[in-house]
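Data block below; observations after.
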Amino acid sequence: METGILKPGGSGRLRGCLVLAAALVSGVLFAPVVAQSAEGVDEYRAKAAFLYNFSKFVIWPESVAKDDERPFVIGVVENAPMAAVLTKELVGKQIGGRSVVVREVRDLRNAEGCEVAYCTSAQLKALPESRRIRLERAGLMTVGDGRAFLDAGGVLALELVEDRLAFEINVGASRRSGLQMSANLLGLALSVVDR
-1 METGILKPGG
9 SGRLRGCLVL
19 AAALVSGVLF
29 APVVAQSAEG
39 VDEYRAKAAF
49 LYNFSKFVIW
59 PESVAKDDER
69 PFVIGVVENA
79 PMAAVLTKEL
89 VGKQIGGRSV
99 VVREVRDLRN
109 AEGCEVAYCT
119 SAQLKALPES
129 RRIRLERAGL
139 MTVGDGRAFL
149 DAGGVLALEL
159 VEDRLAFEIN
169 VGASRRSGLQ
179 MSANLLGLAL
189 SVVDR
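For the sequence shown, this note's numbering assigns the number -1 to the initial residue and increments by one for each residue that follows.
If you want it as structure tokens, here you go:
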């Protein structure tokens, strides 16, 4: 499969992806999700660690990446427990030299200004086409759970596989949002689709 976004970005980027591969394989990717409380806090913590590490190795469009003064915003759509865990785990950290901020979003239509939006496949499907195109043009990386999320047009799907966290990527959605992911990163995915 050939796409226009599979650029390692030079030897420095390649080294970075190899570091990510080692970090994800040894710790976050396929990390066991330990016994969960009723709220799924441990699963959310694993997802928070994964989102943080994964986001550091995505190249956003120049219009998004060039504003070093603005925080790196992760929006969470109608999921207060996930927003709380992301806030606890990620606030104070940096991605691309920008401070991470977690923002609760009542509706995916209001995710403009976010670099990442954690949402459901139903929320993604309910998004009007004109708004979806606008968010894609803004360089939004949509993240959700399971293959249905990719089928709905999401970029990154997180999935529990035998009690371990894995990920799948929709390169078609990634391309539409102007996001670049290296071939090395894609090689770590459980699956890669083009929708």
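Idealized CB from N, CA, C, for every residue including glycine.
Predicted model only: the values in this text are computed from it and were never measured.
Cβ neighbours of residue i in the same chain (closer than 8 angstroms, five flanking residues each side left out)
i      : result
Glu127 : none
Arg193 : Leu148, Asp149, Gly151, Asn168, Gly170, Ala171
Extent of the continuous beta strand (DSSP E) to which residue i belongs
i      : result
Met139 : 139 to 143
Ile57  : Here Ile57 belongs to no beta strand (DSSP E), and DSSP marks it neither H nor E.
Arg213 : Since the first residue shown for the chain is -1 and the last is 193, residue 213 is missing from the structure and cannot be characterised.
Same chain, Cβ closer than 7 angstroms to residue i, neighbours up to 5 away in sequence not counted
i      : result
Ala146 : Ser119
Test item: CB-CB of residue i and residue j under 9 angstroms
i      : j      : result
Cys112 : Leu138 : yes
Gly151 : Leu122 : yes
Glu110 : Leu133 : yes
Val141 : Leu49  : yes
Leu177 : Val56  : yes
Close beta carbons around residue i, own chain, < 6 angstroms, minus the five adjacent residues each side
i      : result
Glu102 : Val74, Ala81
Val62  : Gly137
Asp143 : Leu156
DSSP-derived helix/strand/coil call for residue i
i      : result
Ala150 : coil
Val83  : helix
Asn108 : helix
Val89  : coil
Gly168 : According to the sequence shown, residue 168 is Asn rather than Gly. Of the three classes helix, strand and coil, the one that applies to Asn168 here is strand, per DSSP.
For residue i, the first and last residue of its enclosing alpha helix (DSSP H)
i      : result
Ser180 : First-last for Ser180: undefined, no H or E at that position.
Cβ distance (whole Å) where residue i is taken to contact residue j below 8 angstroms
i      : j     : result
Val100 : Arg43 : Actually they are not in contact, since the Cβ atoms of Val100 and Arg43 sit about 13 angstroms apart, beyond 8 angstroms.
Min CB distance residue i to chain C below 9 angstroms
i      : result
Glu127 : Reference to chain C is not applicable here, since this structure consists of a single protein chain.
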